[in-house]
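Undergrad: Below you will find the structure I want to go over with you.
Below, the structure is given as structure tokens:
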């Protein structure tokens, strides 16, 4: 008489910065199971890592890294697979598969800072802007998860890298950390300084805007941080024209309206007067 043997699998989804959940899954030896993860950042699972711990006293081992099965030559790895939804699939379950499975998603932040104090910023003046990707391993070194798949760079309004111009001095500390030293002139007023993060075909941008405080004639300036909302899949929008002294210049449409409206009133008044004049003369003849 055969007795069926059961094992318990405990899959959990852990996402940094995002609320995740955990639940238990029960299966029998020889079954195939799929351990789900509902928080998927990239559809290609390039940001997904699956970890396995047999017991609480055992250290976790990496089963999946960046969506790929690890240690494919090891025993049991041939039974593992990653689904299109980044789930972990285990075929022909055995008792050795009992344990806790964690899927982790790494959250990194792209930011820009300025080395020159705002109170010390005058035109012309050299300033150094720093674009950093803050990762699990730190902003300078880049952790192993993103080191080989991302790159930050300074770009112009068309998306081309700032290079070949003696005005710009670009220093790359690492793939996650880059600085831009530039001499700011008055023509740079309202200019956006773009930093681009590239990961395969995906592109994300953040920027700083250089502004002049106290009007266009004020020699003291400041750089403020613009809303750093990522813009995926497109080039930076072209910045507005800078260096103009007509801060309160009216839009062309408003000027045209102000000129055309009085002319229309005058034309209508003249037309009405001329049309009513013959009627008045006829009325006078009838009364006579």
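Residue numbers (mature numbering (1 follows the signal peptide of the UniProt record, and there is no 0)): -20 to -1, 1 to 268. Idealized CB from N, CA, C, for every residue including glycine.
Which of helix, strand or coil does DSSP assign to residue 168?
TA: Numbered from 1 along the chain shown, position 188 holds the residue referred to as residue 168. It is helical.
Undergrad: For residue 132, tell me which candidate among 143, 139, 156 has the shortest Cα-Cα distance.
TA: On the chain shown, position 152 is the one that residue 132 refers to. That would be 156, whose Cα lies nearest to the Cα of residue 132.
Undergrad: For the beta strand (DSSP E) containing residue 92, list its first residue and its last residue.
TA: In the chain shown, the residue the question calls residue 92 occupies position 112. Looking at the DSSP string, the run of the beta strand (DSSP E) that includes residue 92 is 89 to 94.
Undergrad: Assuming residue 269 is part of the beta strand (DSSP E), what are its boundary residues?
TA: Because the chain in this structure spans residues -20 to 268, residue 269 falls outside the shown range and cannot be described.
Undergrad: For residue 67, which of 33, 25, 90 has the nearest alpha-carbon?
TA: Taking the first residue of the chain shown as 1, we reach residue 67 at position 87. For the residues 33, 25, 90, the minimum Cα distance to residue 67 belongs to 25.
Undergrad: Within the continuous beta strand (DSSP E) that includes residue 149, where are the two ends?
TA: If you number the chain shown from 1, residue 149 lands on position 169. Counting along the chain, the beta strand (DSSP E) containing residue 149 begins and ends at 148 to 154.
Undergrad: What residues in its chain sit with their C-beta under 6 Å from that of residue 148, if we drop five residues either side in the sequence?
TA: Walking along the chain shown from the start, residue 148 turns up at place 168. Only 142, 162 meet the Cβ criterion.
Undergrad: Please report the distance separating the alpha-carbon of residue 82 from that of residue 64.
TA: Translated into positions along the chain shown, residue 82 becomes position 102. Translated into positions along the chain shown, residue 64 becomes position 84. Distance between the alpha carbons of residue 82 and residue 64 is about 18 Å.
Undergrad: Quick one: residues in its chain with C-beta nearer than 6 Å to the C-beta of residue 160, no 5 flanking neighbours on either side, listed in chain order?
TA: The residue labelled residue 160 in the question sits at position 180 within the chain shown. Hits under 6 Å: 109, 134, 150.
Undergrad: Relative to the alpha-carbon of residue 79, which residue among 167, 175, 40 has its alpha-carbon at the smallest distance?
TA: On the chain shown, residue 79 is found 99 positions in, with the first residue counted as 1. Comparing Cα positions, the closest option is 40.
Undergrad: Taking the straight line between their C-alpha atoms, what separation do you get for residue 59 and residue 74?
TA: The residue given as residue 59 occupies position 79 in the chain shown. The residue given as residue 74 occupies position 94 in the chain shown. Approximately 10 Å between the Cα atoms of the pair.
Undergrad: Please report the distance separating the alpha-carbon of residue 111 from that of residue 186.
TA: Numbered from 1 along the chain shown, position 131 holds the residue referred to as residue 111. Numbered from 1 along the chain shown, position 206 holds the residue referred to as residue 186. Cα-Cα distance, rounded: 9 Å.
Undergrad: I'd like the list of long-range same chain contacts for residue 49, defined as Cβ closer than 8 Å, with 5 residues on each side in sequence excluded.
TA: What you label residue 49 is simply residue 69 of the chain shown in a count that begins at 1. So the qualifying residues of the chain are 43, 57, 60, 61, 62.
Undergrad: Going by DSSP, which residues form a beta bridge with residue 59?
TA: As a working mapping, residue 59 is identified with position 79 in the chain shown. For residue 59, which the question treats as bridged, DSSP gives no partner whatsoever.
Undergrad: Residues bridged to residue 270 by DSSP?
TA: Absent from the model: residue 270. The displayed extent of the chain is -20 to 268, so no value can be given.
Undergrad: Excluding the 5 residues preceding and the 5 following residue 129 in the sequence, name in chain order all residues of the same chain whose CB lies nearer than 8 Å to its CB.
TA: Position 149 of the chain shown, counted from the start, is the residue given in the question as residue 129. Excluding positions up to five away in sequence, the list reads 26, 46, 179, 180.
Undergrad: Going by DSSP, what residue range makes up the beta strand (DSSP E) through residue 106?
TA: Position 126 of the chain shown, counted from the start, is the residue given in the question as residue 106. 105 to 114 is the span of the beta strand (DSSP E), which, as asked, contains residue 106.
Undergrad: As a quick exercise: from 136, 176, 153, pick the residue whose alpha carbon is nearest that of residue 168.
TA: Reading the chain shown from its first residue, position 188 is the one you call residue 168. Nearest of 136, 176, 153 to residue 168, Cα basis: 136.
Undergrad: When DSSP labels each residue in this structure, what does residue 243 get in the three-state scheme?
TA: One-based indexing of the chain shown puts residue 243 at position 263. Residue 243 falls in the helix class under three-state DSSP.
Undergrad: Assuming residue 90 and residue 188 make a contact with CB atoms under 8 Å, what is their CB distance in whole Å?
TA: Taking the chain shown and counting its residues from 1, one reaches residue 90 at position 110. Taking the chain shown and counting its residues from 1, one reaches residue 188 at position 208. Not quite, the Cβ-Cβ distance comes to about 12 Å (not below 8 Å), so this is no contact.
Undergrad: On a CA-only basis, which of 190, 7, 88 is nearest residue 104? Give me that one, please.
TA: For the purposes of this step, residue 104 is taken as the residue at position 124 of the chain shown. Closest option to residue 104, Cα to Cα, is 190.
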